[in-house]
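One structure is given here, and the rest of the page talks about it.
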Amino acid sequence: MPTFSGKTAIVSGAAGGIGGGAALRLAEGGADLALFDLDESAIEPTAEKCRAAGAEVLTARVDQTDSASVQQGIDRTVEHYGGVDILSANAGYCALSTLLDQPLEEWNKHLAVNLTGTMLLAQGVARNMVERKSGGAIVIVSSGAAVQHVDQASAYSVSKAGVKMLTEGLASELGPHRIRVNGIMPGLIETGMVSPIFDLSSTSKARLIAGTPVGHLGTPDDVGALVAFLASSDARYINGHSVMIDGGALLHDFQWFHQDYTQSHDENWTMI
1 MPTFSGKTAI VSGAAGGIGG GAALRLAEGG ADLALFDLDE SAIEPTAEKC RAAGAEVLTA
61 RVDQTDSASV QQGIDRTVEH YGGVDILSAN AGYCALSTLL DQPLEEWNKH LAVNLTGTML
121 LAQGVARNMV ERKSGGAIVI VSSGAAVQHV DQASAYSVSK AGVKMLTEGL ASELGPHRIR
181 VNGIMPGLIE TGMVSPIFDL SSTSKARLIA GTPVGHLGTP DDVGALVAFL ASSDARYING
241 HSVMIDGGAL LHDFQWFHQD YTQSHDENWT MI
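Here the sequence shown is numbered in the UniProt record's numbering, starting from 1 and rising by one per residue.
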């Protein structure tokens, strides 16, 4: 297991499944944590698990569409711990819609939360790392949708493709400062993000599994394990890459999505 003793990690989207999985893996490795989410009260279940694993945990309400809120969260973390060594950026948003019906405000929200908000968070953390000359690791969650179109999710796909390129740009600029930046592109992970889209009854779930070569769906812990690896010294020569974690579903062009999503295009779902 990767070890992070003496390290401080910020985890955004910490109330969500993937953010929670990342936080727990980092805590189990010895990191102390600052957990960010738009709903601070919803962070507490994750915080309790991380404290039980031995981590010191700070929680903060952070709206990553608001640059002042992002900076306040970072400043509070630095004041409490002295600096930031790891960023696990997981917060995101999606609303299903065809492009013909896409409201401008929804298009803009995808970009504000998924792309601009991620940039603000990474930028603020990186500035602290550069100032301290401490090096560090940034791990950003993009999506398999960044490289494969999914029906009625074009705004989400565009924003997550931007996140993939943001990861590469940050990696290039920050590498000379000993700050590595990598991305993760999840496929179908069993989280609160998925349940509003798919009917996870046994029949529907069997169809989803059939479209995944490894024969099962992913879990937040699967993604958390990858976050921990990429944040660790074991990955010291990995920089600027976005790793697909999808059980091989991309090999089948994510066919389960085109066949099995059930939610109407005018309803929203979030991963935060």
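Where is the CB? At the ideal position from N, CA and C, for every residue including glycine.
Short Cβ contact (8 Å threshold) for residue 50 with residue 33: yes
CA-to-CA distance, residue 244 to residue 185, given in whole angstroms: 5 Å
DSSP beta-bridge partners of residue 108: DSSP output for residue 108 lists no bridge partner at all.
Inter-stretch contact (C-beta, 8 Å, three-pair minimum) for the region 158-177 and the region 67-76: no
DSSP-derived helix/strand/coil call for residue 114: helix
Distance between residue 146 and residue 158 (C-alpha atoms, nearest Å): 7 Å
Sub-8 Å separation of residue 167 and residue 187 beta-carbons: no
Where the alpha helix (DSSP H) through residue 17 begins and ends: 17-28
Within the region 99-176, ranges of the beta strand (DSSP E) (whole runs, at least 3 residues): 136-141
For residue 262, the three-state DSSP class (helix, strand or coil): Model confidence at residue 262 stands at a pLDDT of 40, short of 50, so the residue's coordinates are unreliable; what they give is reported in the following sentence. Correct three-state label for residue 262: coil.
Helix, strand or coil at residue 4 according to DSSP, with G and I counted as helix: coil
Cα-Cα separation, residue 131 to residue 233: 21 Å
Proximity below 8 Å, CB of residue 25 to CB of residue 227: yes
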